[in-house]
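Engineer: Residue numbers (my numbering): 1 to 445. Following this message is one structure expressed as structure tokens.
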Amino acid sequence: MYENEIYSGDRTGNHTTGTYQSYQAGSAPQRDFGNTSQEPEKKKHSGGFAKKLLLCACMGLCFGLFGGLGLYAVQQATGMSFGGPSREAGNVQSMAEPTVAPTADVKLATTDGTRIISSDVSDVVEEVMPAMVSIVKDYTEKSSFWGRTYSEERQGSGSGIIVAQSDTELILVTNHHVVDGASKLTVTFIDGSTAEAQIKGSDADMDLAVIAISMDSLKEETIDAIAVARLGDSEALRLGEQVVAIGNALGYGQSVSGGWVSALDREVTYSDGTGGSFIQTDAAINPGNSGGALVNMNGEVIGINSSKIGDEYVEGIGFAIPISAARPIIENLMTKETRFKVAEGKTGYMGVSLQTVTQEYAYLYGVPEGILVTSVEEGSAAEAGGILSGDIITRFEGDRIQSNEDLLEIIQYYGPGSEVTVVVKRLLQGSYEEIELTLILGERP
């Protein structure tokens, strides 16, 4: 038994006076309440209080005993510890120091083992970054004012993914709107080196394009620094799966944003009426991110980002083209011959007069959008290929045609003698039917 002390006294101002009394643990200190004439009644009352106190103590002991047994059973069943800081010798923890709970990784089972997911995606980014590129597009912007047409040289930014490499070419995929109307495409690699790219082909409906760079134009250091991206399976994605978006955001260079798969098979419509099914994510996708990669935690590309979809007032919603839907289109575009612009004035010649069918005109008169053939020259490539006056040209070599400018931009890559495929819509028995024609371009008179 330890002997304890109790203090009694007065506190006056800043000085303290008093005395200490000793008592043994388990017994209350002796207090003198004075002598009264009702002592017998007081003793009787004191005995009843002691019984109640003893009863409460017994109940408290029982409650503590059963509670301890319950906690012990839970601890043994679950392996959870309910103890406080260790008090073992040599393992003293200061209460002044903050305690940090160990972080636990989230384990997600896969077919080939167990994948660890954490908020740190630096390893994934380090793995895939050599396959990412930035793209700068030089283009001419035209505008009309009071009947006069003005043009201005401008630049736009985008992103791309290296998807294949051969002895002669490096193949990259990006968005169609990133390269559309480009007079020059400049690609920047992970090591900071640049090279000019050429268009192999594009699909405006899917907003996909494949571009190529000659291997001869790349330095050995660049070839060693870059890598070919691994394409995953977007069909295997699940809601809530962690993803990373990589791209040339706002043209400042490669940047990384993280998030989750917010929705799958999200149907989205563009402002021009076309659309498709996309992956929705809350990873930030801004202008310049277009054509970049949406990557899973295995370092696989599962989507191609597109900032064309969305609105400036929307936050936390980004979209990507599912790689499983894009793969067959990419493989088809890769097989096309790389296009190089022909010398000025040496482009192929169709021999037609054309007029743009605007969206308003198409809606007003119920005709397809494209360019209307108003006349066909006798003996021209167009006449030989079967184009008729009144046809509306909607595609040229797979590229969608919506204006005269679109056709003039594309035909710069084809010289005399080039065989091209042209899709027209022709009015037959009261409705427009799509017809595919093959032309061999002639020389410009």
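Note that CB positions come from ideal geometry on N, CA and C, so glycine has one too.
Could you have a look at arginine 426 and say whether DSSP puts it in helix, strand or coil?
Structural biologist: In the sequence shown, residue 426 corresponds to position 426, counting from 1. Arginine 426: strand per DSSP, three-state reduction.
Engineer: Buried or exposed: phenylalanine 278, going by 16 or more other Cβ atoms within 10 Å of its Cβ?
Structural biologist: Translated into the one-based positions of the sequence shown, residue 278 becomes position 278. So phenylalanine 278 ends up on the buried side.
Engineer: Please determine, among Leu441, Ile411, Gly390, the residue with the shortest C-alpha to C-alpha distance to tyrosine 432.
Structural biologist: The residue given as residue 432 occupies position 432 in the sequence shown. Comparing Cα positions, the closest option is Gly390.
Engineer: Spatial neighbours of arginine 31 within its chain, please: C-beta separation below 8 Å, excluding the five flanking residues on both sides.
Structural biologist: Counting from one through the sequence shown, the residue named residue 31 turns up at place 31. Residue placement at arginine 31 is flagged as unreliable, the pLDDT there being 44, under the threshold of 50; a coordinate-derived value is accordingly withheld.
Engineer: Tell me the DSSP secondary structure of proline 322 in three-state form.
Structural biologist: Stepping through the sequence shown from its first residue, residue 322 is reached at position 322. If DSSP states are grouped into helix, strand and coil, proline 322 belongs with the strands.
Engineer: Could you tell me which whole alpha helix (DSSP H) segments of length 4 or greater appear in the segment 315-371?
Structural biologist: Counting whole runs of 4 or more residues, the segment 315-371 contains the alpha helix (DSSP H) stretches 323-334, 359-365.
Engineer: For serine 159, which three-state DSSP category applies?
Structural biologist: The residue you call residue 159 lines up with position 159 of the sequence shown. Strand at serine 159.
Engineer: Tell me whether the beta-carbon of leucine 170 lies closer than 8 Å to the beta-carbon of alanine 204.
Structural biologist: Within the sequence shown, numbered from 1, the residue matching residue 170 stands at position 170. Within the sequence shown, numbered from 1, the residue matching residue 204 stands at position 204. No, the Cβ-Cβ distance between leucine 170 and alanine 204 is not below 8 Å.
Engineer: Quick one: Cα of valine 256 to Cα of isoleucine 329, how far?
Structural biologist: Working through the sequence shown from its first residue, we reach residue 256 at position 256. Working through the sequence shown from its first residue, we reach residue 329 at position 329. Using only the alpha carbons, I get a separation of about 26 Å.
Engineer: Taking isoleucine 304 as the reference, give the member of Val133, Glu369, Asp138 with the closest Cα.
Structural biologist: As a first step, residue 304 must be located in the sequence shown, where it is residue number 304. Ranking Val133, Glu369, Asp138 by Cα distance to isoleucine 304 puts Val133 first.
Engineer: When we look at the beta-carbon of tyrosine 150 and count the other beta-carbons within 10 Å, is it buried (16 or more) or exposed?
Structural biologist: As a position in the sequence shown, residue 150 is number 150, starting the count at 1. The residue in question, tyrosine 150, is exposed, as its Cβ has fewer than 16 Cβ neighbours within 10 Å.
Engineer: So who's on the other strand from threonine 188, going by DSSP bridges?
Structural biologist: The residue labelled residue 188 in the question sits at position 188 within the sequence shown. Per DSSP, Ser134, Thr194.
Engineer: Taking C-alpha atoms, which residue in Ala284, Gly351, Ile435, Tyr365 lies nearest to aspartate 416?
Structural biologist: Numbered from its first residue, the sequence shown carries residue 416 at position 416. In the sequence as presented, aspartate is not what sits at residue 416; that position holds proline. Nearest of Ala284, Gly351, Ile435, Tyr365 to proline 416, Cα basis: Gly351.
Engineer: Under the rule that 16 or more other beta-carbon atoms within 10 Å means buried, what is leucine 364, buried or exposed?
Structural biologist: Residue 364 sits at position 364 when you count from the first residue of the sequence shown. Leucine 364 should be labelled exposed.
Engineer: May I have the straight-line CA-CA distance separating leucine 250 from tyrosine 139, to the nearest angstrom?
Structural biologist: Sequence index remark: in the sequence shown, residue 250 carries index 250 (1-based). Sequence index remark: in the sequence shown, residue 139 carries index 139 (1-based). So the two alpha carbons sit approximately 17 Å from each other.
Engineer: Please report the Cβ distance between phenylalanine 189 and alanine 245, rounded to the nearest whole angstrom; I am assuming they are in contact, meaning their Cβ atoms lie under 8 Å.
Structural biologist: Within the sequence shown, the letter at position 189 stands for residue 189. Within the sequence shown, the letter at position 245 stands for residue 245. Phenylalanine 189 to alanine 245, Cβ: 19 Å. No contact.
Engineer: Could you compute how far the alpha carbon of glutamate 443 sits from the alpha carbon of leucine 239?
Structural biologist: Counting from 1 along the sequence shown, the entry for residue 443 is found at position 443. Counting from 1 along the sequence shown, the entry for residue 239 is found at position 239. Between glutamate 443 and leucine 239, the C-alpha separation is close to 56 Å.
Engineer: Which residues in the same chain have their Cβ closer than 7 Å to the Cβ of glutamate 436, if we skip the five residues on either side of it in sequence?
Structural biologist: Your numbering for residue 436 matches position 436 in the sequence shown. Hits under 7 Å: Thr421, Val423.
Engineer: Could you check which residue in Asp265, Ala182, Gly259, Asp216 has the C-alpha nearest to that of valine 295?
Structural biologist: One-based indexing of the sequence shown puts residue 295 at position 295. Comparing Cα positions, the closest option is Gly259.
Engineer: Inspect the CB distances between the segment 353-361 and the segment 219-234 and report whether three or more fall short of 8 Å.
Structural biologist: Touching, no, given that fewer than three Cβ pairs across the two stretches are closer than 8 Å.
Engineer: Going by other Cβ atoms of all chains shown within 10 Å of its Cβ, with 16 needed for buried, is leucine 54 buried or exposed?
Structural biologist: In the sequence shown, counting from the first residue as 1, residue 54 sits at position 54. Exposed.
Engineer: When you compare only the Cα positions, how much space is there between isoleucine 410 and valine 178?
Structural biologist: For the purposes of this step, residue 410 is identified with residue 410 of the sequence shown, where counting begins at 1. For the purposes of this step, residue 178 is identified with residue 178 of the sequence shown, where counting begins at 1. The alpha-carbon atoms of isoleucine 410 and valine 178 are separated by roughly 15 Å.
Engineer: Cβ of threonine 335 within 8 Å of Cβ of glutamine 412?
Structural biologist: By one-based count along the sequence shown, residue 335 stands at place 335. By one-based count along the sequence shown, residue 412 stands at place 412. No, they are not a contact pair.
Engineer: Whole-angstrom Cβ separation of alanine 197 and valine 128, contact assumed at under 8 Å?
Structural biologist: Your numbering for residue 197 matches position 197 in the sequence shown. Your numbering for residue 128 matches position 128 in the sequence shown. No, alanine 197 and valine 128 are not in contact; Cβ-Cβ is about 20 Å, not under 8 Å.
Engineer: Based on Cα-Cα distance, which residue from Ser262, Asn248, Ser234, Gly160 lies nearest to alanine 227?
Structural biologist: Along the sequence shown, read from residue 1 onward, the residue named residue 227 stands at position 227. Among Ser262, Asn248, Ser234, Gly160, the Cα nearest to that of alanine 227 is on Gly160.
Engineer: Grouping DSSP H, G and I as helix and E and B as strand, with all else coil, what is asparagine 305?
Structural biologist: Taking the first residue of the sequence shown as 1, we reach residue 305 at position 305. Looking at asparagine 305 - three-state DSSP - the assignment turns out to be strand.
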